[in-house]
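Asker: Would you mind keeping the following structure in view while I ask a few things?
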Amino acid sequence: MKSITHAVLAATSVAGILGSSNPIILLTAAVASQLPDVDTSKSLTGRILFPISMTLERQFPHRSVTHSFIATAIVAVILSPVLLINGTVYAALMIGYFMGWFGDVFTKTGVAAFYPSQARLVIPGNPHLRLGTNSVAEAFVFAFILSIGILILNINSQGGIVMAFNQFLGLPEGVIEEVNSKGQNNILYVEISGKDEATQQNIRDKFEVVQALTGSDLLVQSEGGILYRAGRSQNAQIKIGSIRLQRGPAVTSESKQVQLEEQPISDLNLDQYPKRTYLTGTVAVADSESLNLIPLIDRYNPVTFQPTRDNTGILRLKSARPQDVANISADVTGNILIRTVVPKE
18 MKSITHAVLA ATSVAGILGS SNPIILLTAA VASQLPDVDT SKSLTGRILF
68 PISMTLERQF PHRSVTHSFI ATAIVAVILS PVLLINGTVY AALMIGYFMG
118 WFGDVFTKTG VAAFYPSQAR LVIPGNPHLR LGTNSVAEAF VFAFILSIGI
168 LILNINSQGG IVMAFNQFLG LPEGVIEEVN SKGQNNILYV EISGKDEATQ
218 QNIRDKFEVV QALTGSDLLV QSEGGILYRA GRSQNAQIKI GSIRLQRGPA
268 VTSESKQVQL EEQPISDLNL DQYPKRTYLT GTVAVADSES LNLIPLIDRY
318 NPVTFQPTRD NTGILRLKSA RPQDVANISA DVTGNILIRT VVPKE
């Protein structure tokens with residue numbers, strides 16, 4: 018089997034097993050796939066590592082000791098320090114090395130996979146179906162593996178096989194799982210087909226995901242800046258029929274907790290925070306006369322007020338944006354969690 022076929026097989030295997038589309042990880046696997054052929058000076062690896070290949074070539078037949086499970090175990094031990102530095106790189110190295118020799122199982126002479134036993138592992142049993150190096154059959158296999166690799170990379174770049182499956186089903190529960198697992202790393206968008214509960218009109222629009230509210234509902238923002246609860250619960254303003262998730266730019270997400278003691282929320286200087294800033298918390302209001310919060314039934318209300326007695330009450334913030342609290346001048350007491358999301362440059 019040619020070096021390029023080994024490399025493509027290793028890279029495709031790593032993309033499928035690790036779910037990675039990182040070119041460095043794929044290149045690592047491709048390079049590692051060349052190492053088993055160090056047992057012959059005629060190979061690319063053998064020419065680069067000539068002293069080692071000459072020694073091995075004198076002592077062992079081609080596709081024997083370096084093309085075996087015992088060699089794979091030895092390489093795993095030698096490279097184990099890499100595991101402490103980067104587990105993904107280590108996995109790519111080991112998968113690449115293994116696939117580098119296992120691909121030769123399908124050639125005419127096979128490999129001594131169970132070395133020191135000289136018995137050859139050859140698949141398939143019919144000699145006429147085995148691959149010959151530089152043959153038309155190998156070219157076909159190369160093209161097939163390359164096609165599979167491109168397909169896997171495309172799936173990985175869109176969020177992986179799980180996300181692809183959820184996209185196919187179009188169910189909010191599957192999308193919410195993806196939001197919970199990947200929402201800290203990227204800005205996420207959803208295309209929703211459903212119904213506006215207030216107007217009973219069908220909608221099909223694109224929204225930015227703010228966060229998952231429950232296992233069946235998402236908090237989303239329209240292009241016009243309106244927040245909606247989208248899902249299948251009774252509280253949703255948008256009832257989802259089907260939903261598709263799109264991954265946007267990579268982001269850095271940070272959270273910090275602040276405490277207010279009879280202070281207005283404006284003391285937080287929210288105008289200095291980035292565009293995607295969200296406040297969550299419950300604070301006590303000593304004098305609620307200045308509050309003028311009117312709940313709107315056609316959208317999500319990130320700020321709600323529960324009166325108690327003597328003009329006091331509880332103010333609840335759930336992913337409230339700076340503009341949602343800009344007109345609240347009352348002094349409050351309590352803790353607020355501030356979450357900021359900033360696209361990476």
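So for the sequence shown, this note's numbering puts the first residue at 18; every next one is plus one. Every residue, glycine too, gets a C-beta built ideally from N, C-alpha and C.
(1) Considering only residues of the same chain and omitting the five flanking positions on each side of Arg-356, which have a CB-CB separation below 6 Å?
(2) Assuming the contact rule is C-beta atoms closer than 8 Å, Ile-162 and Leu-26 should be a hit. Round their C-beta distance to whole Å, please.
(3) Can you tell me the Cα-Cα spacing of Phe-86 and Thr-105, whole angstroms?
(4) How many angstroms separate the CA atom of Leu-61 from the CA atom of Gly-258?
(5) If distances are taken between C-alpha atoms only, which option among Glu-278, Arg-80 and Ser-164 comes closest to Asp-121?
(6) Shortest alpha-carbon distance to Pro-40 belongs to which of Tyr-132, Ala-129 and Ile-167?
(7) Taking the CB atoms as reference points, tell me whether Asn-50 and Gly-117 lie closer together than 7 Å.
(8) So the candidates are Gln-228, Leu-66, Ala-343 and Leu-308; which of them puts its Cα closest to the Cα of Arg-328?
(9) Shortest alpha-carbon distance to Gly-241 belongs to which of Lys-256, Phe-224 and Ala-253?
(10) Among the candidates Ile-311, Ile-331 and Leu-310, whose CA atom is the shortest distance from the CA of Val-302?
(11) Out of Gly-36, Ile-102, Tyr-114 and Ser-30, point me to the one whose CA is closest to Val-55's CA.
(12) Provide the residue(s) that pair with Gly-211 in DSSP beta bridges, ordered along the chain.
(13) Tell me whether Pro-319 is buried or exposed, calling it buried when 16 or more other Cβ atoms sit within 10 Å of its Cβ.
(14) Helix, strand or coil for Asn-197, going by three-state DSSP, please let me know.
(15) Measuring straight from C-alpha to C-alpha, what distance separates Pro-266 and Glu-195?
(16) Check whether the Cβ atoms of Val-94 and Tyr-107 lie closer than 7 Å to each other.
(17) Please work out which residues of its chain come closer than 6 Å, Cβ to Cβ, to Ser-270, disregarding the five sequence neighbours upstream and downstream, and give them in chain order.
(18) So which of Pro-291, Val-227 and Ala-343 has the shortest CA-CA distance to Leu-310?
(19) Would you mind giving the Cβ-Cβ distance between Asp-315 and Gln-238, rounded to the nearest angstrom? I have them listed as a contact below 8 Å.
(20) Looking only at its chain, what residues have a beta carbon closer than 7 Å to the beta carbon of Arg-249, apart from the 5 residues adjacent to it on each side?
(21) Judging by CA-CA distance, which residue of Leu-148, Arg-333 and Thr-89 is the nearest neighbour of Phe-131?
(22) According to DSSP, Lys-273 sits in a beta bridge with which residue or residues?
(23) Measuring only the C-alpha atoms, how far is Ala-109 from Ser-38?
Answerer: This is what the structure gives:
(1) Taken in chain order, the residues that qualify are Ser-272 and Tyr-295.
(2) Sure, about 5 Å apart at Cβ, within 8 Å.
(3) Going from the Cα of Phe-86 to the Cα of Thr-105 covers about 21 Å.
(4) C-alpha separation (whole angstroms): 56 Å.
(5) That would be Arg-80, whose Cα lies nearest to the Cα of Asp-121.
(6) Nearest option by C-alpha distance: Ile-167.
(7) Sequence check: residue 50 is Ser here, not Asn. Taking 7 Å as the cut-off, the beta carbon of Ser-50 is found closer than this to the beta carbon of Gly-117.
(8) Correcting the residue identity first, residue 328 is Asn in this sequence and not Arg. Closest in C-alpha terms to Asn-328, from the list Gln-228, Leu-66, Ala-343 and Leu-308, comes Leu-308.
(9) Comparing alpha-carbon positions, the option among Lys-256, Phe-224 and Ala-253 lying closest to Gly-241 turns out to be Phe-224.
(10) For Val-302, the nearest C-alpha among the options comes from Ile-331.
(11) Of the candidates Gly-36, Ile-102, Tyr-114 and Ser-30, the residue whose Cα lies closest to the Cα of Val-55 is Tyr-114.
(12) Looking at the DSSP assignment, Gly-211 forms a beta bridge with Ile-220 and Ile-257.
(13) By the C-beta density criterion, Pro-319 is buried, having at least 16 other C-beta atoms within 10 angstroms.
(14) Correct three-state label for Asn-197: helix.
(15) So the two alpha carbons sit approximately 15 Å from each other.
(16) It is not a contact, given that the beta carbons lie outside the stated cut-off.
(17) Taking C-beta separations shorter than 6 Å and ignoring five residues to either side along the sequence, the partners of Ser-270 in its chain run Gln-201 and Val-358, following chain order.
(18) For Leu-310, the nearest C-alpha among the options comes from Ala-343.
(19) Contact between Asp-315 and Gln-238 does not hold, since the beta-carbon distance rounds to 14 Å and is not under 8 Å.
(20) Around Arg-249: Pro-189, Ser-233, Lys-256 and Ile-257.
(21) Of the listed residues, the one whose Cα sits closest to Phe-131 is Thr-89.
(22) According to the DSSP secondary-structure assignment, Lys-273 is paired through a beta bridge with Ile-355.
(23) Separation of Ala-109 and Ser-38 (C-alpha to C-alpha, rounded to the nearest whole angstrom) is 12 Å.
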